[in-house]
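Notes to accompany the following structure.
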Amino acid sequence: MGAVLGDVLGFAAAVAVSPLPIIAIILILATPRGRLNGMLFTAGWILGLSALGAVMLAIASPAGASAHNHPATWVGALKLALGVFLLLFGARLWHRRPKDSSQAQLPKWMGAIDRLTPVKVFGLGLALAALNAKNAPLTIAAGAAIGSAGLPVGQQIASLAIFVVIATLGLLAPLGVFVLGESEPRPRSVIGKTGQLSTM
């Protein structure tokens with residue numbers, strides 16, 4: 003299990019620092035229902051990663067593992083194919099970038115994020131985790147590596163859970179700061195005998 007975790011931690015870290023979901027949750031936390039929507043967005047994100055990883059576990063597990071319980075040979079080919087896809091996707095984004103940064107347009111959902119219903123916020127988290135062109139290939143590669151390593155089912159689930167937790171740290175950090183900031187007691191205003199306003 004340790005070897006498999008070492009193989010997937012890099013994928014989890016790459017998902018965790020993905021800028022789009024981090025920007026999304028910061029914008030969501032600034033909305034009037036920031037606490038609720040932030041939790042729903044994070045829940046959708048976790049479900050999306052878990053579901054996609056579980057699908058890959060189900061596909062990869064019957065394929066078996068190579069010798070010494072290391073990921074099967076076909077997993078290396080899958081990683082290579084996903085890496086090529088990410089390179090081509092990055093090159094396409096770079097080629098299509100506006101020459102003038104002032105002409106860059108935000109995604110439509112960013113402009114309407116303060117009007118999204120809780121259900122849509124949950125769906126947005128789900129989509130950014132499972133359908134994003136950067137995060138989905140990384141999650142697929144991690145799930146394939148875990149599923150084909152010949153681990154018992156319990157260790158497969160534990161490995162996937164560790165991947166999901168690490169991949170969610172980029173969202174948990176701002177959400178935790180926001181929730182803790184809300185729970186801190188605020189200073190009370192007190193008018194003393196002299197009529198001066200003080201805080202406690």
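Residues in the sequence shown are numbered consecutively from 3, following this note's numbering. Beta carbons: idealized from backbone N, C-alpha and C, even for Gly.
7 Å Cβ shell around residue i - same chain, five flanking residues per side excluded
i	result
Ile206	Residue 206 cannot be examined here, being either before or after the span of the chain that is shown, 3 to 202.
Ile48	Val166 and Thr170
Ala15	Ile168
Closest by C-alpha distance to residue i, when choosing among the options
i	options	result
Ala45	Arg35, Phe124, Leu171 and Trp111	Phe124
Arg35	Phe87, Ala79, Leu118 and Ala138	Leu118
Lys110	Gly50, Val19 and Leu126	Leu126
Ala151	Leu38, Val17, Ala60 and Gly85	Ala60
Ala135	Gly4, Val86, Ile48 and Lys122	Val86
Gln157	Ile115, Ala129, Ser63 and Ala18	Ser63
Leu173	Val57, Val10, Gly12 and Leu42	Leu42
Leu128	Leu11, Ala5, Pro23 and Gly4	Pro23
Residue i, DSSP secondary structure in three states
i	result
Ala53	helix
Ala114	coil
Asn137	helix
Leu130	helix
Ala18	helix
Leu80	helix
Gly152	coil
Pro23	helix
Pro34	coil
Between the CA atoms of residue j and residue i - distance to the nearest angstrom
i	j	result
Met112	Val155	39 Å
Ala143	Gly149	10 Å
Ile115	Thr33	8 Å
Arg37	Ala79	42 Å
Gly50	Thr141	10 Å
Ala83	Val121	34 Å
Ser52	Leu162	7 Å
Phe13	His97	25 Å
Leu153	Val17	23 Å
Gly4	Ala93	34 Å
Leu182	Leu88	36 Å
Cutoff 6 Å; reference residue i; Cβ partners in own chain excluding five residues on either side
i	result
Leu31	Gly40 and Phe180
Glu184	none
Neighbourhood of residue i by C-beta distance below 8 Å, restricted to the same chain and skipping five residues each side
i	result
Leu54	Ala131, Ala132, Ala138, Thr141, Ile142 and Gly145
Neighbour flag for residue i against chain B, beta carbons, 8 Å
i	result
Val166	Reference to chain B is not applicable here, since this structure consists of a single protein chain.
Task: Touch test, the region 17-34 against the region 172-181, Cβ-Cβ under 8 Å, three pairs minimum - done: yes
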